[in-house]
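Protein sequences appear in the order of chains A and B.
Residue numbering for the first sequence follows UniProt numbering, starting at 1 and increasing by one per position.
Residue numbering for the second sequence follows UniProt numbering, starting at 1 and increasing by one per position.
Presented below is the structure to which this report refers.
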Amino acid sequence: MIRTEGRSGLNASPAASQSVAFDPRELLRRARKRRNFAEKFDSFSDAYVWVLAALIALAYLFSALFGMLFVLLGEGVAHQELPSAVWRMQDLSFVLLMLSALAIFRLMIYLGPCGLSAAKADWWLPLPVTLRAIRRPAWRNAMLTGLFASSFAGALWLIVMLGLAGSLPLPVAVLGLACFAAAGAGLANAATAIQAMNRQAAARRICDGVGLGLLTAVAVLWLLLLFQIPWAQDLVGAVAAATLDPAAWLFALLVVLALGAVSTYWAYRHVERIPGPALRLAGEHQQLAMGTLMQGDSRGIAAPAQSAISRRMTLGSKLTAALPVAWRILCLRLLRSGRWHPVAGFLLLAFSLAATVQRIANPLSAAAFYLVLCLILAFSISATIAPLVSEKQLTQPLGISEAALVREATLYAMLFSAISLLLLTGGLGLVGMIQLERIWLWIAAIVVAALGCAAASIAHARRAERDWSAVLGGATNDAAMATQLFMETATFIRAAATFSPIFCLVLSPATPIPPLLWVAAMLFGANSLIHVAGRKLGGAA
Amino acid sequence: MQAGQDDTFELETRGLAIGYPGRVICGPINLRLSPGAGVGIIGANGSGKSTLIRTILGHLIPLEGSISFQGLPVDESSEHFRRTVAVQVTDGAFFDELTVREHLEMVARGHGLQDWGQAVQAELDFFEITAVAGHLPGELSSGQRRKLLLAAVLIRPAELLILDEPEQRLDLRIRHKLYHRLAGLRGGGTALLAVTHDPLMLRSCMDRVLLLDADEGELLDPHRGAQWLER
């Protein structure tokens with residue numbers, strides 16, 4: 001029986017004037033009930049893997065953060081007494097706290113936070129059923145996401161405080177975690193209300209403004225501390241002391257709970273007004289974020305916005321017109337997508353920390369800065385060169401062989417790495433963190449390190465689509481899983497190994513560098529030389 | 001440009017300019033669809049056909065002008081809009097765990113059809129996908145998935161059908177059946193707005209064609225629209 005008579009025939013709904021009492025989730029529940037034991041166990045093991053991954057990440061981050069604080073504070077090594085270094089690390093922990101809250105709020109706004117998967121958006125939103133049954137679970141998920149993300153950030157923050165203070169009173173830890181959890185749920189609720197009012201762009205601008213204001217306040221306070229203004233010193237001291245004061249945390253918790261209650265009521269009032277397109281778009285963002293986690297590839301959520309690329313469309317057109325086509329592609333990708341921002345941002349952060357925070361101007365910190373720059377370069381450059389080294393079909397329209405494309409990409413990666421390393425070296429040399437007397441050795445060390453960064457970038461660009469869930473799912477036990485993860489990080493370990501001459505020059509400026517170390521560093525970066533020579537490799541490094 | 005003859009408009013755009021901030025693709029477009037009208041939208045790639053549909057549905061903000069549906073501003077979230085407008089604009093996503101039949105059941109029951117079992121079977125038969133009714137979407141060919149999407153649009157009651165290239169991946173016989181059915185629905189008072197590249201569709205079930213070729217668009221009769229496609 002097919003209707004052709006239109007709205008006046010069978011096509012007209014018998015319930016045309018009232019909401020249909022049908023919950024579309026019913027069919028999904030029915031489908032889930034009929035799953036066999038293995039499928040049910042799969043979903044249980046998925047959740048188990050996520051919890052396990054969070055716990056493992058926390059355990060690793062605990063060590064990493066402790067290690068980072070150890071080197072930043074230069075434990076056991078002499079540091080430069082810079083007159084401009086007036087901040088103490090603990091003074092800045094409050095700023096870190098505020099920036100964490102802002103980051104979580106911005107993440108919540110990016111994620112929606114209420115979203116629907118593409119299938120739910122396509123099939124549920126057009127139904128004339130009450131959307132309460134659809135929006136409420138999305139809201140609940142948003143709150144849970146905010147709560148867990150904030151609790152995770154809180155755990156990291158407490159680890160930092162433990163590292164800085166040496167010990168952490170139990171009430172501070174408990175109240176702090178509770179405060180973070182409540183704040184996460186509250187921020188998710190506020191973001192929900194903002195989503196319902198379609199004010200995400202304005203909220204993002206406000207977030208950025210608050211962040212900028214916070215950093216401006218830090219800069220102003222730094223100036224006041226530099227001139228030893230008493231009230232500024234008292235203020236900074238009081239705020240730093242409050243971060244380890246249980247009474248202050250209790251007060252903060254009460255404030256957060258009160259604000260959380262307001263934001264929950266606000267979200268409750270508005271959640272029914274979230275428009276369908278907003279739910280659909282949020283679902284896409286959540287899928288991208290999930291892909292980012294699953295593939296260990298930040299391109300999903302850190303990809304440059306289309307609007308930003310459009311603004312920069314005229315940038316570099318004339319400048320790059322005379323370049324060979326591969327270089328033109330790379331330069332335009334760098335300029336228009338702003339992929340130099342992470343490196344520039346890190347250099348600015350490193351110089352600021354070294355110049356303004358006590359004890360950071362030490363050789364261990366300098367070595368850590370080089371190590372972090374190595375990672376940032378590898379990720380950042382790989383995002384720029386990825387099409388040239390991973391999409392073989394480009395060779396035909398460009399009329400360039402695969403080996404030639406890889407060679408140009410490698411040369412670009414080496415040049416970009418070398419310039420970045422030179423900037424970091426020059427800046428740290430100006431601050432006095434490193435000694436640059438042996439300039440030729442420094443230049444040689446930077447060239448070798450640039451080889452390592454280029455090799456890692458190409459290797460990462462070629463395997464960026466790897467699905468981490470498949471990697472973890474294929475591992476049958478903890479040892480196998482650890483092996484898989486180690487294999488994944490091997491690329492970056494090899495890149496870091498090419499920095500060993502730099503580490504020698506930073507940590508022991510007067511000691512000759514053993515020739516064996518040069519040879520080993522060169523070997524780890526040799527893939528870049530092979531790419532430049534044009535030899536086709538069997539696979540990624 | 002106008003489509004439809006009487007003064008009761010299902011869909012009306014006034015001075016509508018479409019595009020993206022800082023980039024007008026087409027406009028102003030003045031379009032009126034009365035009950036039972038059929039308007040095909042044609043044009044070259046990038047001329048704004050899908051952008052027009054997305055703007056009408058509220059997925060994009062009009063750069064200028066207004067859109068109303070049955071005299072009210074278009075609001076995809078409103079229950080009235082969801083009840084009366086059936087839309088097929090994308091390739092669509094599917095629930096991995098639901099069968100073809102269950103997808104159609106969801107739509108039929110969601111729209112309050114009393115005889116939903118019969119309606120689902122009728123759509124399965126019409127689109128010749130009964131044999132795969134118990135299959136999951138992942139087991140379907142792209143053409144079968146397309147049929148499922150169209151079945152989901154046609155199984156429900158609607159006063160306005162909005163379709164984006166419904167002919168894609170359908171064989172000629174199914175296209176003939178589909179166009180015949182759409183013409184029948186129009187005869188029953190359902191308005192039809194569809195982007196298409198198929199001259200057959202224009203000739204079979206449209207009474208006006210909106211050609212998005214110049215800045216403002218041009219309203220043609222179906223025969224001329226089909227000739228434009230066949231150039």
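Note that CB positions come from ideal geometry on N, CA and C, so glycine has one too.
These numbers come from a predicted model, not from an experiment.
| Cα-Cα separation between glutamate 159 of chain B and glutamate 218 of chain B, rounded to whole angstroms | 25 Å
| request: Hey, could you find the ends of the alpha helix (DSSP H) valine 210 of chain A is sitting in? | output: 200-226
| field | Cβ-Cβ distance between leucine 150 of chain B and leucine 178 of chain B below 8 Å | value | yes
| Short Cβ contact (8 Å threshold) for alanine 386 of chain A with alanine 321 of chain A | no
| So, does the CB of arginine 231 of chain B fall closer than 8 Å to a CB anywhere in chain A? | no
| request: Using a cut-off of 9 Å between C-beta atoms, extract the partners of alanine 182 of chain A located in chain B. | output: Within 9 Å Cβ-Cβ: nothing; alanine 182 of chain A doesn't reach chain B, min ~31 Å.
| With which residues is aspartate 46 of chain A paired in a DSSP beta bridge? | The partner list for aspartate 46 of chain A (beta bridge, DSSP) is empty, contrary to what the question assumes.
| field | Own chain residues within Cβ distance below 6 Å of phenylalanine 69 of chain B, not counting five before or after | value | Leu11
| message | Once the 5 residues before and after threonine 84 of chain B are set aside, which same chain residues still bring their CB inside 7 Å of it? | response | Ala158, Glu159, Leu160
| said: When you compare the CB of glycine 4 of chain B with every CB in chain A, is at least one pair closer than 8 Å? | reply: With a pLDDT of only 43 at glycine 4 of chain B, under 50, the local geometry of the prediction cannot be trusted, and the value read off the model is given with reservation. It does not: the Cβ of glycine 4 of chain B has no partner Cβ on chain A nearer than 8 Å.
| query | Roughly how many whole angstroms lie between the Cα atoms of leucine 411 of chain A and methionine 433 of chain A? | reply | 30 Å
| task | Answer yes or no: do glutamine 34 of chain B and alanine 191 of chain B have a C-beta to C-beta separation smaller than 8 Å? | result | Correcting the residue identity first, residue 34 of chain B is serine in this sequence and not glutamine. Cβ atoms of serine 34 of chain B and alanine 191 of chain B: closer than 8 Å.
| request: Would you verify that the beta carbon of valine 195 of chain B is, or is not, closer than 8 Å to some beta carbon of chain A? | output: no
| said: At the 8 Å Cβ level, is isoleucine 176 of chain B part of the contact set with chain A, yes or no? | reply: Reading off the sequence, residue 176 of chain B comes out as histidine, not isoleucine. False, the Cβ-Cβ gap to chain A never drops below 8 Å.
| Leaving out the 5 sequence neighbours to the left and right, which residues in its chain are closer than 7 Å to leucine 507 of chain A when beta-carbon positions are compared? | Pro363, Ala367
| Closest to arginine 34 of chain A by CA distance: which of B:Ala133, B:Thr99, B:Val74 is it? | B:Thr99
| query | Thinking just about the alpha-carbon of each residue, which of A:Gly186, A:Pro169, A:Arg135, A:Ala119 is nearest to the one in serine 150 of chain A? | reply | A:Gly186
| Do valine 357 of chain A and tryptophan 249 of chain A have their C-beta atoms closer together than 8 Å? | no
| query | So is glycine 67 of chain A in contact with chain B if we call contact Cβ pairs under 8 Å? | reply | no
| Got a sec: which bits of the segment 84-103 of chain B sit with their beta carbon under 9 Å from any beta carbon on chain A, in order along the chain? | Thr84, Val85, Ala86, Val87, Thr90, Gly92, Ala93, Phe94, Phe95, Asp96, Glu97, Leu98, Thr99, Glu102, His103
| request: Output yes if chain B places a C-beta closer than 8 Å to the C-beta of alanine 31 of chain A; else output no. | output: yes
| Does any residue of chain A bring its CB to less than 8 Å from the CB of methionine 206 of chain B? | no
| request: Please confirm whether valine 343 of chain A and leucine 377 of chain A have their CB atoms less than 8 Å apart. | output: yes
| said: Cβ closer than 7 Å: which chain A residues qualify as neighbours of arginine 109 of chain B? | reply: Phe22
| Span of the alpha helix (DSSP H), counted from its first residue to its last, around glycine 154 of chain A | 132-165
| message | Buried or exposed for glycine 225 of chain B, going by 16 or more other Cβ atoms inside 10 Å? | response | buried
| request: Starting from glutamate 218 of chain B, find everything on chain A with Cβ-Cβ shorter than 7 Å and list it in chain order. | output: Near glutamate 218 of chain B there are no residues of chain A at all, since even the closest Cβ is about 28 Å away, more than 7 Å.
| task | Would you verify that the beta carbon of leucine 288 of chain A is, or is not, closer than 8 Å to some beta carbon of chain B? | result | no
| request: Compute the beta-carbon to beta-carbon distance between valine 86 of chain A and leucine 225 of chain A, rounded to the nearest angstrom, for a pair I have assumed lies under 8 Å. | output: 4 Å
| task | Output, in chain order, the set of chain B residues within a Cβ distance shorter than 7 Å of alanine 119 of chain A. | result | Ala93, Phe94, Phe95
| field | Touching by the beta-carbon criterion (3+ pairs, under 8 Å), the segment 272-281 of chain A and the segment 111-125 of chain A | value | yes
| request: Report the rounded CA-to-CA distance for isoleucine 42 of chain B versus alanine 495 of chain A, giving the unit in angstroms. | output: 55 Å
| First and last residue of the beta strand (DSSP E) that includes serine 66 of chain B? | 64-69
| task | Output, in sequence order along the chain, the residues in the segment 65-84 of chain B whose CB is closer than 7 Å to any CB in chain A. | result | Glu76, Ser77, Glu79, Arg82, Arg83
| request: Have a look at arginine 14 of chain B and proline 28 of chain B and give me their C-alpha separation to the nearest angstrom. | output: 8 Å
| query | Measuring CA to CA, which of A:Ala217, A:Leu421, A:Ala510 is closest to alanine 232 of chain A? | reply | A:Ala217
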